[in-house]
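In UniProt numbering, the protein residues as written are 1 to 191.
We put the CB at the ideal spot given by N, CA and C, even for glycine.
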């Protein structure tokens, strides 16, 4: 799904089945050595054509492994669990996706040069959280310049509330006709 203003657009659907157990075993999330500058990361995403929506629950306290493709962050819950119509909101899921993006580029915003779009998820398990999330992501580059990785998120009870395995992204370049424009209609220059 994507959101433009207050309208959500459905792009694809998935099949799933009810499960009772999470498949993986994970260690609790710990911060990595490299602190990611949230302002510079957001600025770079805007530069390549992916500006963040004001409604988005942006990841906080992002850190990345300086050598490996790993990252961690916090994602706040803005709605109490008993008020939400779903286990995790689209905004929270998108924020978790963003942590994998940070992992893929080792937290270095200058390496984020192209738009990456989600293509497939091998397996996903979700359950309602009791608090804000601690998110950890790992990634690896594919030969075709795509990215594949895993995401796990814990709540304050250290229960796994989100696990995504083999989450695949395709890196792309925006066509000239899709290049972002300023409010006056002028193209935003690519640097």
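Specify the secondary structure class of residue 98 as computed by DSSP and reduced to three states.
-> helix
Chain-order list of residues whose beta-carbon lies under 6 Å from that of residue 170 (same chain, five-residue window excluded) = 117, 119, 146
Identify every residue that forms a DSSP beta bridge with residue 120.
-> 168
What number of angstroms, rounded off, separates the C-alpha of residue 194 from the C-alpha of residue 51?
-> For residue 194 there is no data in the structure shown, the boundaries of the chain being 1 and 191.
Please work out which residues of its chain come closer than 6 Å, Cβ to Cβ, to residue 59, disregarding the five sequence neighbours upstream and downstream, and give them in chain order.
-> 73, 75, 95, 98, 99
Note down the Cα distance separating residue 87 from residue 150, rounded to an integer number of angstroms.
-> 19 Å
Report buried or exposed for residue 70, applying the criterion of at least 16 other Cβ atoms within 10 angstroms of its Cβ.
-> buried
Go ahead and pull the three-state DSSP assignment for residue 87.
-> coil
Start and end residues, beta strand (DSSP E) containing residue 136 = 133-141
In chain order, what residues of the same chain lie with their CB nearer than 6 Å to the CB of residue 65, ignoring the 5 residues before and after it?
-> 32
Please report how far the alpha carbon of residue 29 lies from the alpha carbon of residue 140, in whole angstroms.
-> 19 Å
Rounded C-beta distance between residue 138 and residue 103? I'm assuming under 8 Å.
-> 6 Å
Alpha-carbon to alpha-carbon, residue 124 and residue 167 | 9 Å
Given a threshold of 16 other Cβ atoms within 10 Å of its Cβ, counted over all protein chains shown, does residue 7 qualify as buried or as exposed?
-> exposed
Using 10 angstroms around the beta-carbon of residue 106, count the other beta-carbons present and answer buried if the total reaches 16, otherwise exposed.
-> buried
Should residue 142 go down as buried or exposed, given a rule of 16 or more other Cβ atoms within 10 Å for buried?
-> exposed
Can you have a look at residue 101 and say buried or exposed, based on whether 16 or more other CB atoms are within 10 angstroms of its CB?
-> buried
Is it right to say residue 161 is buried, meaning 16 or more other beta carbons lie within 10 angstroms of its own, or is it exposed?
-> buried
Count the other C-beta atoms from every protein chain shown that fall within 10 angstroms of the C-beta of residue 112, then say buried if there are 16 or more, exposed otherwise.
-> buried
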